[in-house]
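Asks: I have a structure I would like to understand better, so I am pasting it below and will then ask my questions one at a time.
Numbering (this note's numbering), first residue to last: 628 to 1138.
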């Protein structure tokens, strides 16, 4: 996750460098005009170089000071995002400060020296021959296209990471507003009986095992080549309300309440457990130990239920068994309670449960597991990565807007005569707007064709770590080009529309 975050940050920095280059080239002509006016007014070469150097260097230093204010405001959000503990003083430590100063020095001094020495001795005609011809246009075209490639790639990566996060959320719905009480050492039956009529509880079950920290046993299965493959089976003895409380969907068999009446020791197994033992719906009513030698000899297969995850989606859901126990046994050994709370009364209900707990346990501290929070924490890497990619994508798109505004300004400045001539020959404002947008749209198309295959390969490699992963849809491929195109059209159109409204006479006079 840190490597992906670092790569994303470097991509954003690269976009910023492209912007810096484009905007610097775009304002060079204005600086040259200023330099020659100053020369005519008697300014010395040394003074002009100092002015150009300070202009470039102070811009970077001023931006650095503003970035420190931004860091101070965003640091709590960053710490929360990455579960870090950075303080503002960290950036002034001997570990970081020399690196920061070296980077700022490089960004401030090198461009400042280049600009001051290059421009101060260059004439306007030399500038036009060097920077306003085909080579300059090609350079800007390449930089803008690369910027589009990085932006499209980041947006595509964000859509896939967001899709994986949505998959996690869909799997976590069963745990929403559900808590678990119990320490595995004492019966909770008295508390369970007292809480049955408590307001604010939608459903409640009593079990002999924790759900997210459940008991497991080993299941060795012989393979065709004579080797043994080891699997782990989760076993949760619970009451008939467990399926309702945990939103477990049953695929085959009889309901838990009816199974308790029909079978002495009913056992429900999940899809993966059934697959491992080659059990289907026709085997319901058979003893479980007919297929699993290591299971309880009394358990009868009462049904099959859908797999439900306990851990990260990077891990395959193993075998799961839910045994429906008698009320007497649960009264003696029911050490855990799963409680589904009404969302609108969650706080009040928790306070009431805590009060009852302390009254029945001699003011012992009340502890519980927020099952939804715990499950999401086990998938925290994906959630964090998704938030990071969304943040970097937003920054990249914002930088793209800045760059496009500067490039559209440059494009308009260097096509004033063309625009004026077109308007004289009857071109409308929107014809001019389309003229300026058209080249950018071609660049977006080329960038899309380059970025998507590369981003797809990288994100497929990332998704391979998940056993349960989101599928790539047409929307994942279309979203990046829609977003980047929309931002480009809006940004370029705003500036080019107002430029197109300028009178052709005024434009030609300026030119």
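Positions of the beta carbon are idealized from the N, C-alpha and C atoms, including for glycine.
1. Can you tell me the Cα-Cα spacing of residue 825 and residue 875, whole angstroms?
2. Can you tell me which of 681, 673, 811, 774 puts its alpha carbon nearest to the alpha carbon of residue 1030?
3. Just to confirm, are residue 835 and residue 981 a CB contact at a threshold of 8 Å?
4. In this structure, does DSSP put residue 670 in helix, strand or coil?
5. Is the separation between the beta-carbon of residue 846 and that of residue 892 shorter than 8 Å?
6. Is DSSP giving residue 897 helix, strand or coil here?
7. Are residue 1092 and residue 992 closer than 8 Å when you measure CB to CB?
8. Quick one: give me the first and last residue of the alpha helix (DSSP H) that residue 956 is part of.
9. Sort out for me which residues DSSP pairs residue 864 with in a bridge.
10. Have a look at 837, 722, 771 and flag the residue whose alpha-carbon is nearest the alpha-carbon of residue 1001.
11. Assuming residue 932 contacts residue 770 under a Cβ cut-off of 8 Å, what Cβ separation, rounded to an integer in Å, is found between them?
12. Measuring alpha carbon to alpha carbon, tell me which residue in 963, 935, 985 is nearest residue 865.
13. Are residue 1107 and residue 782 touching if we call contact CB-CB under 8 Å?
14. In this structure, how does DSSP classify residue 993 when only helix, strand and coil are distinguished?
15. Using only the alpha-carbon positions, how far apart do residue 1095 and residue 944 sit?
16. For residue 954, count neighbouring C-beta atoms within 10 Å of its own C-beta (all shown protein chains included) and say buried if the count is 16 or more, exposed if not.
17. Assuming contact is defined by CB atoms lying nearer than 8 Å, are residue 929 and residue 894 in contact in what I supplied?
18. Are at least three pairs of beta-carbons, each pair with one atom in the stretch 782 to 791 and one in the stretch 1011 to 1020, less than 8 Å apart?
19. So, are the CB atoms of residue 778 and residue 1027 less than 8 Å apart?
20. Apply the 10 Å Cβ neighbour rule to residue 1060 and answer buried if 16 or more other Cβ atoms are within range, or exposed otherwise.
21. Keeping to the same chain, check which residues put their C-beta closer than 7 Å to that of residue 857; ignore five residues upstream and five downstream.
22. Pull the bridge partners of residue 963 from the DSSP assignment, please.
23. Using 8 Å as the threshold, is the stretch 790 to 797 in touch with the stretch 661 to 674, meaning 3 or more CB pairs across them?
24. Taking 8 Å as the threshold (C-beta atoms), are residue 1111 and residue 1071 in contact?
25. Residue 971 and residue 934: beta carbons closer than 8 Å?
26. Where do the ends of the beta strand (DSSP E) carrying residue 878 lie?
27. Just to confirm before moving on: does the CB-CB distance between residue 995 and residue 828 stay below 8 Å?
28. Roughly how many angstroms separate the alpha carbons of residue 726 and residue 692, rounded to a whole number?
29. Should residue 831 and residue 843 be called a contact, given that it needs their Cβ atoms to be closer than 8 Å?
30. If we ignore side chains and look at the alpha-carbon of each, how far apart do residue 1025 and residue 799 end up?
31. Have a look at residue 802 and residue 795 and give me their C-alpha separation to the nearest angstrom.
32. Give, in chain order, every unbroken run of the alpha helix (DSSP H) that is at least 4 residues long and sits entirely within the stretch 686 to 748.
33. Since residue 845 sits in a beta bridge, which residues does DSSP pair it with?
34. Could you tell me which residues DSSP pairs with residue 805 in its beta bridges?
Replies: This is what the structure gives:
1. Using only the alpha carbons, I get a separation of about 23 Å.
2. Of 681, 673, 811, 774, the residue nearest in Cα terms is 774.
3. A distance of 8 Å or more separates the beta carbons of residue 835 and residue 981.
4. In the displayed model, residue 670 falls within coil according to three-state DSSP, outside both helix and strand.
5. Between residue 846 and residue 892, the gap from beta carbon to beta carbon reaches 8 Å or more.
6. In the three-state scheme derived from DSSP, where H, G and I count as helix and E and B as strand, residue 897 is classed as strand.
7. No. Outside cutoff.
8. First-last of the alpha helix (DSSP H) with residue 956: 954 to 960.
9. For residue 864, which the question treats as bridged, DSSP gives the partners 950.
10. Out of 837, 722, 771, 837 has the C-alpha closest to the C-alpha of residue 1001.
11. Not quite, the Cβ-Cβ distance comes to about 57 Å (not below 8 Å), so this is no contact.
12. Among 963, 935, 985, the Cα nearest to that of residue 865 belongs to 963.
13. Yes, the Cβ-Cβ distance between residue 1107 and residue 782 is below 8 Å.
14. If DSSP states are grouped into helix, strand and coil, residue 993 belongs with coil.
15. A direct Cα-Cα distance of roughly 9 Å separates residue 1095 from residue 944.
16. The residue in question, residue 954, is exposed, as its Cβ has fewer than 16 Cβ neighbours within 10 Å.
17. Cβ atoms of residue 929 and residue 894: closer than 8 Å.
18. When Cβ pairs closer than 8 Å are counted between the two stretches, the stretch 782 to 791 is seen to touch the stretch 1011 to 1020, the count reaching three or more.
19. Closer than 8 Å, so yes.
20. Residue burial annotation: residue 1060 is buried, with at least 16 other C-beta atoms found within 10 angstroms of its C-beta.
21. Here the set comprises 845, 847.
22. In the DSSP output, where bridge partners are listed per residue, residue 963 has 834.
23. When C-beta atoms of the stretch 790 to 797 are compared with those of the stretch 661 to 674, fewer than three pairs fall below 8 Å, so the two segments do not count as touching.
24. Taking 8 Å as the cut-off, the beta carbon of residue 1071 is found closer than this to the beta carbon of residue 1111.
25. If you check the CB distance, residue 971 and residue 934 do not come in under 8 Å.
26. Run containing residue 878: 877 to 880, per the beta strand (DSSP E) assignment.
27. It is not a contact, given that the beta carbons lie outside the stated cut-off.
28. Computed Cα separation, rounded: 16 Å.
29. Going by C-beta atoms, residue 831 is not nearer than 8 Å to residue 843.
30. Those two C-alpha atoms are separated by around 33 Å.
31. The straight-line gap from Cα to Cα measures roughly 12 Å.
32. Counting only runs of at least 4 residues, the stretch 686 to 748 fully encloses the following alpha helix (DSSP H) elements, listed from N- to C-terminal order: 724 to 747.
33. In the DSSP output, where bridge partners are listed per residue, residue 845 has 859.
34. According to DSSP, residue 805 bridges with 967.
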